[in-house]
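A.B. asks: Quick one: this structure, given as structure tokens, is what I'll be asking you about.
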């Protein structure tokens, strides 16, 4: 049974737990990746993976990522909703990994809404 | 869908939507004489309503309210069907649902299993409150990942730290590569003996 990696992961987990406990506090940004059948078929998993990579590089602990179901707008999938505290949620449409990286760097980190990709305000 | 791992992601998300807190995923690749690929996704959610179970793969019977069609199970059933396999669903109200899909492994229409590491970490990242048990068997070798093992002994019960997720993806990918390689090696020695 190939189980040797679990110990390594525990070590990494302990280390990251130490660093995150220093930066505790509620999350101020919530990013929702819509993962219904339609979203997944359209590439939501790749979007989620790009988002995870950006997040790992960003060193921000106040950003929460959640997966949710279909919003009912299947033709514009993959959809991603960005909710920053004290501002209106923005739904992005037809996302792919590069668009996700751009939205993360510009909108989430710098607060510039990327209206080219936006579907609308919720 | 291009990869079977995307079907798995989709069906697992169904289980989570049904209120499950533990999802078990099994992939069994019997590449030898059995020539069979089996995928099992089991959840402990609320189970399917009777109406849906009568025709689980009918896209026009769905419990969702956002739209009137549900395609997840129908797509998986179609994928299994065109590879001389089938889809079986067992469900018990309040206990959960078990979905099993089989495929002829060498069938020309069978989609690749695909990036399971991405599917598993996507599930973990998006659903921190849910536990996942992932077992992947290739002939005689297997790989098991149980998120309860990873949470054990640490106070912090979430695995969603992006750095951790990044390492987790890498290590699942490495383990699965080893799994595939290990079997190729043993197949090679068999050939030598033969």
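Chains as they are written, first to last, in this note's numbering: chain E, 34 to 155; chain X, 18 to 211.
Heads up, the beta-carbon is just placed ideally off N, CA and C, and yes, glycines get one too.
Counting contacts by CB-CB distance shorter than 9 Å, is residue 131 (chain E) in contact with chain X?
C.D. replies: Here the question's residue 131 (chain E) lines up with position 98 in the first chain. Residue 131 (chain E) does not count as touching chain X.
A.B. asks: Just to confirm my understanding: we take residue 95 (chain E), look at its own chain, exclude 5 residues before and 5 after, and list those with CB closer than 6 Å. What are they?
C.D. replies: Here residue 95 (chain E) refers to the residue found at position 62 of the first chain. Within the same chain, residue 95 (chain E) has close Cβ partners 60, 61.
A.B. asks: Of all the options X:143, X:177, X:146, X:132, which has the alpha carbon lying nearest to the alpha carbon of residue 191 (chain X)?
C.D. replies: Within the second chain, numbered from 1, the residue matching residue 191 (chain X) stands at position 174. Residue 191 (chain X) has its Cα closest to that of X:132, out of X:143, X:177, X:146, X:132.
A.B. asks: Along the alpha helix (DSSP H) that carries residue 83 (chain E), what are the first and last residues, could you check?
C.D. replies: Counted from its first residue, the first chain places residue 83 (chain E) at position 50. Segment 77-91, the alpha helix (DSSP H) holding residue 83 (chain E).
A.B. asks: Determine the direct distance from the alpha carbon of residue 142 (chain X) to that of residue 88 (chain E), and round the result to whole angstroms.
C.D. replies: In the first chain, residue 88 (chain E) corresponds to position 55, counting from 1. In the second chain, residue 142 (chain X) corresponds to position 125, counting from 1. A direct Cα-to-Cα measurement between residue 88 (chain E) and residue 142 (chain X) gives close to 11 Å.
A.B. asks: Look at the alpha carbon of residue 267 (chain X) and the alpha carbon of residue 108 (chain E), and state the distance between them as a whole number of angstroms.
C.D. replies: This structure cannot settle anything about residue 267 (chain X), because the visible part of chain X is limited to 18 through 211.
A.B. asks: Tell me, to the nearest whole angstrom, how far the beta carbon of residue 126 (chain X) is from that of residue 99 (chain X); I am working on the premise that it is less than 8 Å.
C.D. replies: Counting from 1 along the second chain, the entry for residue 126 (chain X) is found at position 109. Counting from 1 along the second chain, the entry for residue 99 (chain X) is found at position 82. Contact holds; Cβ gap of about 5 Å.
A.B. asks: First and last residue of the beta strand (DSSP E) that includes residue 113 (chain X)?
C.D. replies: In the second chain, residue 113 (chain X) corresponds to position 96, counting from 1. Residues 113-121.
A.B. asks: Which residues, in order along the segment 35-67 of chain X, keep a beta-carbon less than 8 Å from a beta-carbon of chain E?
C.D. replies: none
A.B. asks: May I have a chain-ordered list of the beta strand (DSSP E) segments no shorter than 3 residues that lie completely inside the segment 85-166 of chain X?
C.D. replies: 104-109, 113-121, 148-155, 158-163
A.B. asks: Flag this pair as yes or no: are the beta carbons of residue 111 (chain E) and residue 80 (chain E) separated by less than 9 Å?
C.D. replies: What you label residue 111 (chain E) is simply residue 78 of the first chain in a count that begins at 1. What you label residue 80 (chain E) is simply residue 47 of the first chain in a count that begins at 1. Contact: yes.
A.B. asks: Return the bridge partner residues of residue 55 (chain X) from the DSSP annotation.
C.D. replies: Translated into positions along the second chain, residue 55 (chain X) becomes position 38. Answer by DSSP bridge pairing, in chain order: X:45, X:119.
A.B. asks: If you pair each beta-carbon of the segment 57-75 of chain X with each one of the segment 105-118 of chain X, do three or more pairs fall below 8 Å?
C.D. replies: yes
A.B. asks: On the three-state DSSP scale, how would you describe residue 60 (chain X)?
C.D. replies: Walking along the second chain from the start, residue 60 (chain X) turns up at place 43. Three-state result, residue 60 (chain X): strand.
A.B. asks: What does the Cβ neighbour count give for residue 189 (chain X), buried or exposed, with the cut at 16 atoms within 10 Å?
C.D. replies: For the purposes of this step, residue 189 (chain X) is taken as residue 172 along the second chain, with counting starting at 1. It counts as buried.
A.B. asks: How would you list, in chain order, the residues of chain X whose beta-carbon sits under 8 Å from the beta-carbon of residue 66 (chain E)?
C.D. replies: Position 33 of the first chain holds residue 66 (chain E). Residues of chain X passing the Cβ test: 143.
A.B. asks: Would you say residue 41 (chain E) lies against chain X (beta-carbon separation less than 9 Å)?
C.D. replies: For the purposes of this step, residue 41 (chain E) is taken as residue 8 along the first chain, with counting starting at 1. Interface flag for residue 41 (chain E) against chain X is set, since a Cβ pair is found closer than 9 Å.
A.B. asks: With DSSP as the reference, label residue 196 (chain X) as helix, strand or coil.
C.D. replies: Against the second chain, residue 196 (chain X) aligns to sequence position 179. Note: residue 196 (chain X) maps to helix in three-state DSSP.
A.B. asks: Count the CB pairs spanning the segment 66-75 of chain X and the segment 25-44 of chain X that are closer than 8 Å, and state whether there are at least three.
C.D. replies: Contact fails between the segment 66-75 of chain X and the segment 25-44 of chain X, because fewer than three Cβ pairs, one in each stretch, are under 8 Å apart.
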